[in-house]
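Q: The letter at position 29 of the sequence shown is residue 29 when you use the numbering used here, and the numbering goes up by one with no holes.
This is the structure, below, for whatever I ask next.
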Amino acid sequence: MINVQNTLSAKELEKHKCPTLEMLGNNPTQVQIEALTGVVAYTTLEDGQCLVYARFEEDEWELTPEEFTKSARLSEHILRFSSIQSHTLKSLAKWVMWSKRQMGLRGSSLAVACKHVRSFLTWVESEPLRSQRDFDAFLAQEYVQYVDGVMVKRKGELQPLKPTSKMPRYFSLEAIYRHGRMFAWVKGHPWISSSAHEQAGALGEGAPRKTAEGKTLIIPDEVLKPLATYTKGYLDRATELLNLRDKLDAFEPTAKSVRDQPTQKREYLQSISDEFDKLNDFNDALLLLRDSCIFWLLFTTGMRIHEALNIKRSLRGKGGRNYRTETKDEETFYYIQSRSDKTHTGETEWIAPKIAIDAIKILERYSKPYQAKLEAELKEAKSQGNYKEMARLSEINNHLILAKSPRKKGAPITIPSGTTITGLRLKNLCAMAGVDWNLTAHQLRRTFANYVVHSELGDLRALKEHFKHWSITMTALYAANDDLDQELFEELLREKLFVEEEIFSDFFNLDHPITGGAVAEKIKEFRSNEENIKIYGSHKEMARAMKLPIRSTGIGWCTNDDDGCMGGGCDECDHGIVDERNVKHWEGMLIQQLELVDLDDIGDAGKKAAQDGLVRVEKVLTDLGYDYAAMKNELSNNNQIKSISSLD
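Okay, here's the thing in structure tokens:
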């Protein structure tokens, strides 16, 4: 890459732009393409001048920051061609990328396409005899055989690439043929009566099929609970940690030797804190504070990484803000404001609980020193006429989540990349919380959607205290407000269908005991009828055919679709179903009734009500396959032990 600052007026830019296919008469020759020069990437500055980022003749094309989401690493902004040795093949690769760019491909999509074209061409050059052959179906088949033999490590085992990983590699061959037929090397189409999809195994008998539930894992409660507890602990300590940080930043070492100054700073830290002996340990704690805030933002809003990274600082007094509030029925709702680049949605909002707003406020204070450093770097870049650095810093100026390596002297202020957050920081959170889980940001989005659905069904069991706003049907809020993230709304609906289908599939499984009223009896009769199994093919298809409205009441499931349900009697109601998901509630009722039976001051009517309650609990637990007598004895013994302990 030619590392020279280059600004042009709009008029000059028109003269220096790289010619397009249309400008070359839609029929360029190989000679013309190999001789091409000119601007392929630029941005317009505030003063109207155009800053050149890349030229066709360069071996590295740096694309403009605005083409990428905030979660993209800076290294992803560069298309690299230097590993291709042949000038002809290098010109071919550049022409394919330039053609795709003219068709509207930008940013990460263009970078991925470049990577696969480059990989194919360097594979061609890696073997002398192969490099002498022409591009045709025979060479393409040899490449397919090579890709089929590539092994990657998944779940601790070496496995071949998935069809979804093979397809972009084969698309690159189709792109070479489509855009590079003017090159003498390109003799024919890569496939004879086939396609990249078919070559990758994405079509035909063995092709993978999409499932309703998708591939992204839902984080199990046994992972999420300790992770939430650990990260919440950092949010609770935020003021303490940031006060320490501010004191440490204000401390000025008096040692004349630069080498002795870190020692003085460490000794000062030890004098104001009993917890940290080393500066690195304290810096690690600050990073964990930042990461904990990001965790709660992603988990409680369903935002993607780049959407969280797009949140800006609140510029008080200047009209800028990153959230708003709204009161409905005496309850306050929070709406985080950011930008989504996934489907060019632009400015949008996400409903959030208070803990997400707390995380934003912590991040605002956390980022203050980074923002001050950014402003200083921006001022310096302006004084030096470093337009690219000015553009980069202006792009991230006043963003909420900023970063700088504490262990790399002179490291620039940046926004942490999505790869860093998912690949390193979220995994580090799991390790520090003592859970063995390969956590990703999209798992948090999927888990968020799953929690919303379970909350609306009424059976959310974990972390309920943070999600009180879900009790009024979040999907209804998203449906009614076009300013909210509509793609997330669609994801919530998909998750709702999946969860309801999962529950109903269990109801129709012969090995899944259920009890309740008329609807439960009808399901039990229907699922055991062999003729019905023949008609529907599976119990899952039965469940789909008999789909009913459903919501949790705690002690059971209500299938009543009107307002006539009074609650509390699902086991005896015509519309009620009880299954093993409700057993904990019935265990609680058993404990309650056992305690009531032992009381002497509730009268005969109270005693009878308690005995009737025990009969009711016995029927439900027995129907669900539990040993009622054993449970009763165990609970009675436990209560006696507690009574004796209380006397002691």
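Ideal Cβ positions, reconstructed from N, Cα and C, are used throughout, including at glycine.
Taking the straight line between their C-alpha atoms, what separation do you get for L8 and P412?
A: When rounded, the distance between both Cα atoms is 27 Å.
Q: In the DSSP output, what is A449 paired with across the bridge?
A: Answer is none; A449 lacks a bridge partner.
Q: Just the Cα atoms here: how many angstroms apart are L393 and W61?
A: C-alpha separation (whole angstroms): 20 Å.
Q: Leaving aside the five residues before and after A441 along the sequence, list all residues of the same chain whose C-beta is less than 6 Å from its C-beta, in chain order.
A: The residues are L298, I305 and T422.
Q: Taking one C-beta from the region 150-162 and one from the region 100-111 each time, how about it: are there three or more such pairs within less than 8 Å?
A: Output reads no: the region 100-111 does not touch the region 150-162.
Q: Between which two residues does the alpha helix (DSSP H) holding P168 run?
A: It spans P163 to H179 - the alpha helix (DSSP H) in which P168 sits, taken as one unbroken run.
Q: Shortest alpha-carbon distance to Y177 belongs to which of W191, K166 and P168?
A: Out of W191, K166 and P168, W191 has the C-alpha closest to the C-alpha of Y177.
Q: If you count every other CB in all the chains shown that lies within 10 Å of the CB of A391, and 16 or more means buried, which is it?
A: Burial call: buried.
Q: Any contact of the region 619-639 with the region 509-527, i.e. 3+ C-beta pairs under 8 Å?
A: Segments in contact, yes.
Q: What is the residue span of the beta strand (DSSP E) that A202 lies within?
A: Careful: A202 lies outside any beta strand (DSSP E) and carries neither H nor E.
Q: Output the boundary residues of the beta strand (DSSP E) element that contains A352.
A: Segment G346 to A352, the beta strand (DSSP E) holding A352.
Q: With 16 other CB atoms within 10 Å as the buried threshold, where does N438 fall?
A: The residue is exposed, with fewer than 16 neighbouring Cβ atoms inside 10 Å.
Q: Name the two residues that bound the continuous alpha helix (DSSP H) containing M589.
A: From DSSP, the alpha helix (DSSP H) with M589 extends over V583 to V597.
Q: Per DSSP, H399 is paired with what?
A: DSSP output for H399 lists K312 as bridge partner(s).
Q: Between E649 and A140, what straight-line distance do the alpha-carbon atoms span, to the nearest angstrom?
A: With the chain running from 1 to 648 in the structure shown, residue 649 is simply not present.
Q: Taking 8 Å as the cut-off, does the region 91-103 touch the region 64-76 (at least 3 CB pairs, one atom from each stretch)?
A: Touching, no, given that fewer than three Cβ pairs across the two stretches are closer than 8 Å.
Q: Could you tell me the alpha carbon to alpha carbon distance between N6 and C18, rounded to whole angstroms?
A: N6 and C18: Cα-Cα distance of roughly 15 Å.
Q: Just curious, the alpha helix (DSSP H) that W95 is in, first and last residue?
A: That run of the alpha helix (DSSP H) goes H87 to Q102.
Q: Contact check, A403 vs P416 under 8 Å by CB: the rounded distance?
A: The pair is a contact, with the Cβ atoms about 4 Å apart (cut-off 8 Å).
Q: Between the beta-carbon of M97 and the beta-carbon of L121, is there less than 8 Å?
A: Taking 8 Å as the Cβ cut-off, M97 and L121 do not qualify as a contacting pair.
Q: Return the CA-CA distance between L21 and D249, expressed in angstroms with no decimal places.
A: One C-alpha to the other measures close to 56 Å.
Q: Compare the Cα-Cα distances from L169 to each of K155, E198, I503 and K153 and report the closest residue.
A: Sequence check: residue 169 is Arg here, not Leu. Minimum Cα distance to R169 is reached at E198.
Q: Using 8 Å as the threshold, is the region 364-374 in touch with the region 34-43, meaning 3 or more CB pairs across them?
A: No, the region 364-374 does not touch the region 34-43.
Q: How long is the line joining the alpha carbons of P208 and A200, rounded to whole angstroms?
A: Model confidence at P208 stands at a pLDDT of 48, short of 50, so the residue's coordinates are unreliable and nothing is read from them.
Q: Is K11 helix, strand or coil by DSSP?
A: Reduced to three states, the DSSP call for K11 is helix.
Q: Quick one: Cα of T29 to Cα of A93, how far?
A: Those two C-alpha atoms are separated by around 15 Å.
Q: According to DSSP, Y335 sits in a beta bridge with which residue or residues?
A: Per DSSP, R324 and I351.
Q: Measure the C-alpha to C-alpha separation of F183 and A137 and round it to an integer number of angstroms.
A: Answer to the nearest angstrom: the Cα atoms are 16 Å apart.
Q: Could you say which of S636, I355, A518 and G25 lies nearest to N560 if we only look at CA atoms?
A: Nearest option by C-alpha distance: A518.
Q: To the nearest angstrom, how far is the alpha carbon of E240 from that of K368?
A: So the alpha carbons of these two residues sit roughly 16 Å apart.
Q: CA-CA distance, S471 and G569?
A: Since pLDDT at S471 reaches only 46, below the 50 mark, its modelled position is unreliable, and no value is offered.
Q: Output yes or no for whether 8 Å exceeds the beta carbon distance between Y387 and L63.
A: No, the pair does not count as a contact, with Cβ atoms beyond the cut-off.
Q: Pick from E66, L51, R118 and Y42: whose alpha carbon is nearest that of D59?
A: Per the Cα distances, R118.
Q: Going by C-alpha to C-alpha distance, which of E252, D47, F295 and Q611 sits closest to K233?
A: One detail in the question is off: residue 233 reads as Gly in this sequence, not Lys. For the residues E252, D47, F295 and Q611, the minimum Cα distance to G233 belongs to F295.
Q: For I78, does the three-state DSSP call read helix, strand or coil?
A: It is a strand residue.
Q: DSSP three-state label for M1, please.
A: Caution applies to M1, whose pLDDT of 40 falls short of 50 and renders its modelled position unreliable; the model cannot decide the point.
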